[in-house]
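Chemist: For reference, the structure I am asking about is given below.
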Amino acid sequence: MLCLATARAVMLSLGIGLAFTLAPHVSAKAQATGAPDQKSLSHEQALKGLGQDLTESVHRSQSDPTIPQILSELDRNITATRRMRELFESGNEITGEHVKEIAREISEIAGSFRKIAELAPGVFERRLNEISSIERIGAKVDFRIADARSQMKELAANNDAIGDMLRNETLPASEIEKLRLTRQANEAELHSLEAAVAAWSFFAERQNEVVQRIDDQSEDLDVFFHALKENARVYEAAAQTLKLASSVREALGDLDSLKNLDALRIQLVKSWDDLMKIVDEVNDGLLLQPAM
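The opening position of the sequence shown corresponds to residue 38 in my numbering, with each subsequent residue numbered one higher.
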């Protein structure tokens with residue numbers, strides 16, 4: 038008997054909660070209406086802001102609005118399949134009315150699979166939009182790293198120049214003290230910028246990891262939707278076979294005309310089990326848990 042939790046694995050393919058939280062910041066909408074530009078923010082402020090933007094984009098990519106519909110369709114299919122399996126396994130005679138009902142159920146499952154598969158273009162369009170948003174965040178992170186390294190280079194060059202000047206024995210004591218103070222301040226800024234580069238680099242690694250995992254997830258979803266589409270064909274063919282068998286039985290009054298029903302049952306069970314294996318594979322590959 039199919040496990041409802043297994044079928045609900047599709048929810049994980051579209052709606053995973055992400056263990057990736059950072060401090061709150063001014064929303065993107067607020068930024069668009071007068072909040073400071075990213076370039077004017079400190080590294081700490083920008084890191085928090087972009088971290089929240091990344092979190093929101095990932096959450097949206099994992100919370101597709103089609104989830105309730107997909108779950109509803111899958112749950113309905115599982116219930117119908119359970120009823121059919123119980124009938125097959127009961128050992129009781131399968132009557133003509135049973136055959137008609139099974140054919141109707143199978144036809145509805147085929148239609149349900151097609152309906153879910155038709156959601157794929159919208160799902161992938163929304164995911165692509167979120168991936169684009171995440172990649173734009175990556176570009177901002179790259180700018181921050183490059184800018185910090187540029188400042189570090191300038192400060193290091195300034196300290197080298199100060200070192201050259203301090204070797205000039207003709208400088209007055211007051212000027213030497215000023216240069217030393219400037220060098221100390223430069224070194225403090227260098228340490229701060231080194232920490233910023235390290236933080237941004239770590240952020241960039243996590244951002245790249247998220248993009249890669251979402252890309253992998255999309256490939257799994259593509260297989261999932263394709264499996265539903267192809268299984269719809271299998272189930273529809275089965276329904277047509279059952280309807281034909283029912284018509285033959287009614288015309289000839291010969292129960293032997295249903296002798297292929299067991300083979301048909303095996304085909305359907307294999308088709309469903311193959312689909313559930315794909316769902317399990319999707320489930321196994323979709324746990325996005327960046328170690329922040």
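Glycine included, each C-beta is placed from N, C-alpha and C at the ideal position.
Every value quoted in this text rests on a predicted model; they were computed, and no experiment measured them.
In its own chain, which residues sit with a C-beta less than 6 angstroms from the C-beta of ASN196, not counting the 5 before and 5 after it?
Modeler: Here residue 196 corresponds to residue number 159 of the sequence shown, with the count starting at 1. Counting only Cβ-Cβ distances below 6 angstroms, and skipping sequence neighbours, we find ARG220 and ASN223.
Chemist: When you compare each of PRO158, ALA183 and ALA185 to LEU258 by their alpha carbons, which one comes out closest?
Modeler: On the sequence shown, residue 258 is found 221 positions in, with the first residue counted as 1. The residue with the shortest Cα to Cα distance from LEU258 is PRO158.
Chemist: Going by CA-CA distance only, name the one from ALA194, ALA241, GLY133 and LEU124 that's closest to ILE182.
Modeler: Locating residue 182 in the sequence shown gives position 145, counting from the first residue. It is ALA241.
Chemist: Where does LEU295 sit, in a helix, a strand or coil, going by DSSP?
Modeler: Here residue 295 refers to the residue found at position 258 when the sequence shown is read from its first residue. The predicted model places LEU295 with a pLDDT of 48, which falls under 50 and marks its position as unreliable, so this point remains unresolved.
Chemist: Between the C-alpha atoms of LEU156 and THR103, what's the straight-line distance to the nearest angstrom?
Modeler: Here residue 156 refers to the residue found at position 119 of the sequence shown. Here residue 103 refers to the residue found at position 66 of the sequence shown. Taking the straight line from one Cα to the other gives about 8 angstroms.
Chemist: Grab the span of the alpha helix (DSSP H) containing GLU130 for me, first residue to last.
Modeler: Within the sequence shown, the letter at position 93 stands for residue 130. Segment: none, GLU130 is in no alpha helix (DSSP H) and carries neither H nor E.
Chemist: Suppose contacts are defined by Cβ-Cβ distances below 8 angstroms. Is MET121 in contact with ILE107 by that definition?
Modeler: In the sequence shown, counting from the first residue as 1, residue 121 sits at position 84. In the sequence shown, counting from the first residue as 1, residue 107 sits at position 70. No, these two residues do not count as a Cβ contact at 8 angstroms.
Chemist: Take ARG97 and list the residues in its own chain whose beta-carbon comes closer than 7 angstroms to its own, dropping the five residues that flank it on each side.
Modeler: Locating residue 97 in the sequence shown gives position 60, where the first residue counts as 1. Cβ neighbours of ARG97 beyond the five flanking positions: GLU167.
Chemist: Helix, strand or coil for ARG243, going by three-state DSSP, please let me know.
Modeler: Sequence index remark: in the sequence shown, residue 243 carries index 206 (1-based). Three-state DSSP puts ARG243 in a helix.
Chemist: Excluding the 5 residues preceding and the 5 following GLN188 in the sequence, name in chain order all residues of the same chain whose CB lies nearer than 6 angstroms to its CB.
Modeler: The count along the sequence shown starts at 1 and reaches residue 188 at position 151. Residues of the same chain with a CB within less than 6 angstroms of the CB of GLN188, apart from the 5 flanking positions on each side, are LEU230 in chain order.
Chemist: Identify whether GLU226 lies in helix, strand or coil by the three-state DSSP scheme.
Modeler: Taking the first residue of the sequence shown as 1, we reach residue 226 at position 189. DSSP places GLU226 in helix when its eight states are reduced to three.
Chemist: State the DSSP-derived secondary structure class of GLN99, mapped to helix, strand or coil.
Modeler: For this step, residue 99 is matched to residue 62 along the sequence shown. Here GLN99 sits in coil by DSSP.
Chemist: Using the Cα positions of SER94 and VAL160, report the straight-line distance between them to the nearest angstrom.
Modeler: Taking the first residue of the sequence shown as 1, we reach residue 94 at position 57. Taking the first residue of the sequence shown as 1, we reach residue 160 at position 123. Rounded to the nearest angstrom, the two C-alpha atoms are 14 angstroms apart.
Chemist: Given a cut-off of 8 angstroms, decide if SER170 and ALA276 are closer than it, judged by their beta-carbon atoms.
Modeler: As a first step, residue 276 must be located in the sequence shown, where it is residue number 239. As a first step, residue 170 must be located in the sequence shown, where it is residue number 133. No, they are not a contact pair.
Chemist: Which complete alpha helix (DSSP H) runs does the segment 113-190 hold, if anything under 4 residues is left out?
Modeler: DSSP runs (the alpha helix (DSSP H)) wholly in the segment 113-190: 133-154.
Chemist: Taking the C-alpha atoms as reference points, what is the distance between LYS85 and ARG163?
Modeler: As a working mapping, residue 85 is identified with position 48 in the sequence shown. As a working mapping, residue 163 is identified with position 126 in the sequence shown. In a straight line, the C-alpha of LYS85 is about 25 angstroms away from that of ARG163.
Chemist: Is PRO209 helix, strand or coil by DSSP?
Modeler: The residue given as residue 209 occupies position 172 in the sequence shown. Here PRO209 sits in coil by DSSP.
Chemist: Should GLU214 go down as buried or exposed, given a rule of 16 or more other Cβ atoms within 10 Å for buried?
Modeler: Position 177 of the sequence shown holds residue 214. Exposed, since its Cβ has fewer than 16 Cβ neighbours within 10 Å.
Chemist: Put LEU78 into one of helix, strand or coil per three-state DSSP.
Modeler: By one-based count along the sequence shown, residue 78 stands at place 41. Three-state result, LEU78: coil.
Chemist: What I want to know is whether the C-beta of ILE139 ends up closer than 7 angstroms to one or more non-hydrogen atoms of the ligand FMN.
Modeler: With respect to small molecules bound, the structure shown includes none, and the ligand FMN cannot be examined in it.
Chemist: Is DSSP giving ARG217 helix, strand or coil here?
Modeler: To locate residue 217, count along the sequence shown from 1; it is residue 180. Three-state DSSP puts ARG217 in a helix.
Chemist: Distance check for ILE251 and THR278, CA to CA, integer angstroms please.
Modeler: Taking the sequence shown and counting its residues from 1, the one referred to as residue 278 is at position 241. Taking the sequence shown and counting its residues from 1, the one referred to as residue 251 is at position 214. Distance between the alpha carbons of THR278 and ILE251: 40 angstroms.
Chemist: To the nearest angstrom, how far is it from the Cα of SER100 to the Cα of LEU218?
Modeler: Taking the first residue of the sequence shown as 1, we reach residue 100 at position 63. Taking the first residue of the sequence shown as 1, we reach residue 218 at position 181. Rounded to whole angstroms, the gap between the alpha carbons of SER100 and LEU218 is 54 angstroms.
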